[in-house]
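Each protein sequence line maps, in turn, to chains A and X.
Everything in the first sequence is counted per this note's numbering, starting at 11 for the first residue and increasing by one.
Everything in the second sequence is counted per this note's numbering, starting at 122 for the first residue and increasing by one.
Glycine is no exception: its CB is placed at the ideal position from the N, C-alpha and C atoms.
The structure displayed is predicted, hence computed values, not measured ones.
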Amino acid sequence: MLEQQLINALSLGSVYALFALGFTLVFGVLGVINLSHGAIFMLGSYAALLLVDKLALPLWLAMLGAMLITGLIGLAVDYLVLKPLRARNAPHLAPMIATIGVAIMLTNITQSLFGAENRRFPQGIIPEDSMTLGNLHVTAVQVGIVVIAFVLMLVLLLTMRRTQLGRALRAIAESPKAAYLLGINVEGLFYLTSFAAAALGGAAGVLVGLSFNAISPFMGQPMLHKGIAVIILGGMGDIRGAMIGGLFLGFAEVMTVAYISSDFRDAVAFGLLFLILLVRPSGMFGKILERKA
Amino acid sequence: MRFTPLVQPLKFISALLLGATMAHAALAADVKLGLAAALTGPAAKYGTAIKNGATLAADEINAAGGVNGNKLVLVAEDEQGKKEEAINVLKKLIFQDKVIAVVGPTLSNSAFAADPIANASKVVVFGTSNTADGITAMGPFTFRNSVMEADVLPVTVRAAVKHFGLKKVAVIYGNDDAFTKSGYDVFKATLEQQKIAVTTTEAYAKGDIDFKAQLTKIKASNPDAIVCSCLAEEAANIILQTRSLGMKQPFIGGNGLNSPKLFDIAKTAGDNTVMGSPWSAENLTPANKAFMAAYKAKFGSDPDQFAAQAFDAIHIIATALKSVKLSAALDKDRIALRDALPAVKIDGATGKFAFRAAPAVAGKQVGYDAQQDATVSIAKDGKFIILK
Chain A
11 MLEQQLINAL SLGSVYALFA LGFTLVFGVL GVINLSHGAI FMLGSYAALL
61 LVDKLALPLW LAMLGAMLIT GLIGLAVDYL VLKPLRARNA PHLAPMIATI
111 GVAIMLTNIT QSLFGAENRR FPQGIIPEDS MTLGNLHVTA VQVGIVVIAF
161 VLMLVLLLTM RRTQLGRALR AIAESPKAAY LLGINVEGLF YLTSFAAAAL
211 GGAAGVLVGL SFNAISPFMG QPMLHKGIAV IILGGMGDIR GAMIGGLFLG
261 FAEVMTVAYI SSDFRDAVAF GLLFLILLVR PSGMFGKILE RKA
Chain X
122 MRFTPLVQPL KFISALLLGA TMAHAALAAD VKLGLAAALT GPAAKYGTAI
172 KNGATLAADE INAAGGVNGN KLVLVAEDEQ GKKEEAINVL KKLIFQDKVI
222 AVVGPTLSNS AFAADPIANA SKVVVFGTSN TADGITAMGP FTFRNSVMEA
272 DVLPVTVRAA VKHFGLKKVA VIYGNDDAFT KSGYDVFKAT LEQQKIAVTT
322 TEAYAKGDID FKAQLTKIKA SNPDAIVCSC LAEEAANIIL QTRSLGMKQP
372 FIGGNGLNSP KLFDIAKTAG DNTVMGSPWS AENLTPANKA FMAAYKAKFG
422 SDPDQFAAQA FDAIHIIATA LKSVKLSAAL DKDRIALRDA LPAVKIDGAT
472 GKFAFRAAPA VAGKQVGYDA QQDATVSIAK DGKFIILK
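Following this line, the structure appears as structure tokens:
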């Protein structure tokens, strides 16, 4: 049972991590907690569903298409909501509240367009292969989630560490004003960040949609709660932290079910999270927060 | 001052309007019936089916001449599946729209919050989908035609045990929802009573998508079947994830599983699921066949249990209204309706229906539950057929 639970934990943790990547990226660069990330995650699975259903695109292309669409939605949210608030130097709470509004709006629009009922991918679209090793069962989708989550994290990490673009983004994270004075196109990179973060959220939505094949307008909200926990745990704005925080939460939840009780799944997972924050208030990798504080 | 010239014509117009309404009332009046349903939000699929079923029944009744010549008018309000909204909606329907009775709310959770308002105002509140224990204990104006789990689940479990020769089962349920939690409590008592061993009991929370941790644990406990007090969509995902873990056990569930949604998602993976409910699409009585055909013709989709129960509820209320001599005093009419309801017997889409007085609370008579037989079904090839 333990081996199977470890696999369950790894795939659940990867979902949380993947969701948290874009969430933490926006905080790291823009200094904004974008609470529409859950709704964008949800839109990712609807976008992929439509591309598969209406345009008969193959799954991988639908995934890229969904990332593009959610990326553009993220860009639009930035332009229409976050930018005006930036321009008037609104207090930190303003973008948070504004993005709650965006999330509710996107959820309601989705519900009125597609109905409150769960939607699912057409039959035969989702690879149903699975591997069986003795008593162990791993599905192709589970493997896909773990691989894609790790690849996306690595790409993001290398971009931030090794490229000119990453350097510019880190400069903005440090101080947008100083970055601007250094000739960095701050506003442009804000847009790029919002685009990339939303695309990552969309990708997470597609993968979750595929792995549980039940797409609903309300799937973003519970994920958002976990996502907030993950990025706080990992250190707000830290990419490695989001990854490790996601995996941690996945493991904590699964092990609670396995060895304590499923009644306490969230209680134990979030209790542990609280304990870790007592020891390391800025999260496991929380340098940006320290600097900002 | 400047508006003075307007006052006279206004008075005239309102007098005219008042006269018109009164003249109308003397001939035939509209009987306003409130409907509080979750039309948006996560429970909207149930609320929409309820509204459709109720609308269909009201239209049929009006087409057949209404209630003693009076037209039945449904006033539908969206309570969003939320307790607070259910309270607001009930207040609006009772005090502002002045309906004679309220059908709803959709979820048991909401009914527990809102029904006391109806009881305090002496207005019938009629649940068509509230199956949790204790709903009708809230007061003498609470009625329901939704059969309680306490009546359905023991029959279901007994049939499943016999069909599969079960010795031990595992249980999984949603622990943060009145409906699934109450279903779990009944399952627990039933399994004890029927002496079926429980290998492990697992819970999940609303919004959970990954049940593999719980299911892996269930798998290790090696049960003969899995009892699932869940809503259809969660159940479908649980069934699918069980199969992907290489588990082949049959499922046993309550009427939360009685939805085509189960098979939309789980397809044939849901085969061998045993479920008990007062309504079945396979139940081919003339009343049910007529209901299903009319529903399909009007809404272009197949009805579910929620539509069937709402459809029957409107017919039950209309039958009671026929024996009420409507006066001009709404308060009196509301109480007269309440007094007429318990005697109603119909043969509806869900079969033969009668009321049964709920157990008295503190020596006082409270509301009325449904007295109805449960149909036990089993899933074969992606649909429920009646288990003989």
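task: Return the first residue and the last residue of the beta strand (DSSP E) that G469 of chain X is part of.
output: As a position in the second sequence, residue 469 of chain X is number 348, starting the count at 1. Per DSSP, G469 of chain X belongs to the beta strand (DSSP E) from 466-469.
Pair within 8 Å by beta-carbon distance, A457 of chain X and V445 of chain X: Here residue 457 of chain X refers to the residue found at position 336 when the second sequence is read from its first residue. Here residue 445 of chain X refers to the residue found at position 324 when the second sequence is read from its first residue. In this structure, V445 of chain X lies closer than 8 Å to A457 of chain X by Cβ.
query: What is the DSSP secondary structure of T149 of chain A, reduced to helix, strand or coil?
result: The residue you call residue 149 of chain A lines up with position 139 of the first sequence. T149 of chain A: strand per DSSP, three-state reduction.
- prompt: If you draw a straight line from the alpha carbon of P232 of chain A to that of L160 of chain X, how long is it in whole angstroms?
  reply: Counting from one through the first sequence, the residue named residue 232 of chain A turns up at place 222. Counting from one through the second sequence, the residue named residue 160 of chain X turns up at place 39. When rounded, the distance between both Cα atoms is 21 Å.
field: CA-to-CA distance, K204 of chain X to N230 of chain X, given in whole angstroms
entry: Within the second sequence, numbered from 1, the residue matching residue 230 of chain X stands at position 109. Within the second sequence, numbered from 1, the residue matching residue 204 of chain X stands at position 83. N230 of chain X and K204 of chain X: Cα-Cα distance of roughly 7 Å.
field: Spatially closest choice to P105 of chain A from A:A97, A:R98, A:L92, A:I114, by CA coordinates
entry: Position 95 of the first sequence, counted from the start, is the residue given in the question as residue 105 of chain A. Answer by Cα proximity: A:L92.
- request: Ignore the nearest five residues each way along the sequence and tell me which others in I249 of chain A's own chain have a CB closer than 8 Å to its CB.
  value: Against the first sequence, residue 249 of chain A aligns to sequence position 239. Non-local C-beta neighbours of I249 of chain A in its own chain, meaning closer than 8 Å and more than five positions away in sequence, comprise L31, T34, L35, G38, M163, L166, L167, M170, ordered along the chain.
message: If you reduce the DSSP assignment to three classes, tell me which class H145 of chain X lands in.
response: Position 24 of the second sequence, counted from the first residue, corresponds to residue 145 of chain X. With a pLDDT of 46 at H145 of chain X, under the threshold of 50, the predicted position of this residue should be treated as unreliable, though the coordinate-derived value follows. Helix.
query: Exposed or buried, E184 of chain A, counting other C-beta atoms within 10 Å across all chains shown (16 or more means buried)?
result: As a working mapping, residue 184 of chain A is identified with position 174 in the first sequence. Answer is exposed; the Cβ neighbour count stays below 16.
message: How far does the alpha helix (DSSP H) with I50 of chain A in it extend, from its first residue to its last?
response: Start at 1 with the first residue of the first sequence, and residue 50 of chain A comes out as number 40. Here the alpha helix (DSSP H) through I50 of chain A covers 47-64.
message: Helix, strand or coil for I298 of chain A? Go by DSSP, reduced to three states.
response: As a first step, residue 298 of chain A must be located in the first sequence, where it is residue number 288. Note that I298 of chain A has pLDDT 46, beneath the 50 cutoff, so the model's placement of it is unreliable and no number is given.
message: Taking its Cβ as the centre, do 16 or more other Cβ atoms sit within 10 Å of V285 of chain A, making it buried, or is it exposed?
response: For the purposes of this step, residue 285 of chain A is taken as the residue at position 275 of the first sequence. A small correction: the amino acid at residue 285 of chain A is Leu; Val does not occupy that position in the sequence shown. Counting Cβ neighbours within 10 Å, L285 of chain A comes out exposed, since fewer than 16 surround it.
- prompt: Taking Cβ-Cβ distances shorter than 7 Å, what residues in chain X pair up with S272 of chain A?
  reply: For this step, residue 272 of chain A is matched to residue 262 along the first sequence. Within 7 Å Cβ-Cβ: E323, A324, Y325, Q335.
message: Relative to the C-alpha of T257 of chain X, which candidate in X:I339, X:T301, X:V482, X:T363 has its C-alpha closest?
response: Working through the second sequence from its first residue, we reach residue 257 of chain X at position 136. The residue with the shortest Cα to Cα distance from T257 of chain X is X:V482.
- request: Would you mind telling me which residues of chain A sit closer than 7 Å to K166 of chain X, beta carbon to beta carbon, in chain order?
  value: Here the question's residue 166 of chain X lines up with position 45 in the second sequence. Result: A126, E127.
- prompt: So who's on the other strand from I215 of chain X, going by DSSP bridges?
  reply: Residue numbering aside, residue 215 of chain X sits at position 94 when the second sequence is read from its first letter. Checking the DSSP bridge columns, you'll see I215 of chain X has no partner listed.
query: With 8 Å set as the bound, which would you pick, yes or no: does the beta-carbon of N99 of chain A sit closer than that to a beta-carbon of chain X?
result: Taking the first residue of the first sequence as position 1, residue 99 of chain A is located at position 89. Answer no: the Cβ-Cβ gap between N99 of chain A and chain X never drops below 8 Å.
query: Listing by chain order, which chain X residues have their CB less than 9 Å from the CB of F228 of chain A?
result: Counted from its first residue, the first sequence places residue 228 of chain A at position 218. Going along chain X in sequence order, the residues near F228 of chain A (Cβ under 9 Å) are G162, P163, G328.
- prompt: What is the DSSP secondary structure of M368 of chain X, counted as helix, strand or coil?
  reply: Translated into the one-based positions of the second sequence, residue 368 of chain X becomes position 247. Note: M368 of chain X maps to coil in three-state DSSP.
query: In the DSSP assignment, what residue or residues form a beta bridge with A475 of chain X?
result: Here residue 475 of chain X is taken as the residue at index 354 of the second sequence, counted from 1. Bridge partners of A475 of chain X: X:K466, X:Q492.
message: Taking the alpha carbon of V194 of chain X as the reference point, which residue from X:Q201, X:K172, X:I208 has its own alpha carbon closest?
response: Start at 1 with the first residue of the second sequence, and residue 194 of chain X comes out as number 73. Closest option to V194 of chain X, judged by alpha-carbon separation, among X:Q201, X:K172, X:I208: X:K172.
- request: Taking 8 Å as the cut-off, decide whether the C-beta atoms of A500 of chain X and S398 of chain X are in contact.
  value: Counting from one through the second sequence, the residue named residue 500 of chain X turns up at place 379. Counting from one through the second sequence, the residue named residue 398 of chain X turns up at place 277. Contact annotation: A500 of chain X and S398 of chain X have beta-carbon atoms that are not nearer than 8 Å.
message: Quick check: the Cα distance between L95 of chain A and K187 of chain A, rounded to an integer number of angstroms?
response: Position 85 of the first sequence, counting from 1, holds the residue named residue 95 of chain A. Position 177 of the first sequence, counting from 1, holds the residue named residue 187 of chain A. Approximately 16 Å, taken between the alpha carbons.
message: Against K316 of chain X, what residues of chain A qualify as contacts under a CB-to-CB distance less than 8 Å, listed in chain order?
response: Start at 1 with the first residue of the second sequence, and residue 316 of chain X comes out as number 195. Under the 8 Å cutoff, chain A gives no residues; its nearest Cβ is about 24 Å from K316 of chain X.
task: Find the nearest neighbour of G211 of chain A within the set A:Y56, A:L60, A:A19, judged by alpha-carbon distance.
output: Translated into the one-based positions of the first sequence, residue 211 of chain A becomes position 201. When only C-alpha atoms are compared, the closest one is A:Y56.
task: Let me know the secondary structure DSSP gives M11 of chain A once reduced to three states.
output: Position 1 of the first sequence, counting from 1, holds the residue named residue 11 of chain A. In the structure shown, M11 of chain A sits in coil (DSSP, three-state: anything other than H, G, I, E or B).
Same chain only: Cβ atoms within 7 Å of P381 of chain X, ignoring 5 sequence neighbours per side: Walking along the second sequence from the start, residue 381 of chain X turns up at place 260. Hits under 7 Å: D423, D425.
message: Residues in the same chain with beta-carbon distance under 8 Å from A209 of chain A, minus the five sequence neighbours each way, listed in chain order, please.
response: In the first sequence, the residue the question calls residue 209 of chain A occupies position 199. Correct list, in chain order: G32, M77, L78, T80, G81, G84.
Cβ-based burial, K340 of chain X [other Cβ within 10 Å; buried from 16]: Translated into positions along the second sequence, residue 340 of chain X becomes position 219. Under this definition K340 of chain X is a buried residue.
query: Three or more beta-carbon pairs under 8 Å between the stretch 178-188 of chain X and the stretch 147-164 of chain A, yes or no?
result: no
- request: Could you confirm whether any beta carbon from chain A is found closer than 8 Å to the beta carbon of L366 of chain X?
  value: Walking along the second sequence from the start, residue 366 of chain X turns up at place 245. So, interface residue.
query: Whose C-alpha, out of X:L154, X:S498, X:Y305, is nearest the C-alpha of M269 of chain X?
result: Within the second sequence, residue 269 of chain X is the residue found at index 148, counting from 1. That would be X:Y305, whose Cα lies nearest to the Cα of M269 of chain X.
message: With a threshold of 7 Å (Cβ to nearest heavy atom), would M106 of chain A be considered close to the ligand COA?
response: As far as ligands go, the structure on display features none, and thus does not contain the ligand COA.
message: Classify E471 of chain X: buried if its beta carbon has 16 or more other beta carbons within 10 angstroms, exposed otherwise.
response: In the second sequence, residue 471 of chain X corresponds to position 350, counting from 1. Reading off the sequence, residue 471 of chain X comes out as Thr, not Glu. Its Cβ being crowded by 16 or more others within 10 Å, T471 of chain X is buried.
message: I need the straight-line Cα distance from S292 of chain A to G41 of chain A, nearest angstrom please.
response: For the purposes of this step, residue 292 of chain A is taken as residue 282 along the first sequence, with counting starting at 1. For the purposes of this step, residue 41 of chain A is taken as residue 31 along the first sequence, with counting starting at 1. Answer to the nearest angstrom: the Cα atoms are 15 Å apart.
query: Excluding the five sequence neighbours on either side, which residues of its own chain have a C-beta within less than 6 Å of the C-beta of V210 of chain X, listed in chain order?
result: Working through the second sequence from its first residue, we reach residue 210 of chain X at position 89. Once the five neighbours on either side are set aside, the close Cβ partners of V210 of chain X are A157, E198, E200.
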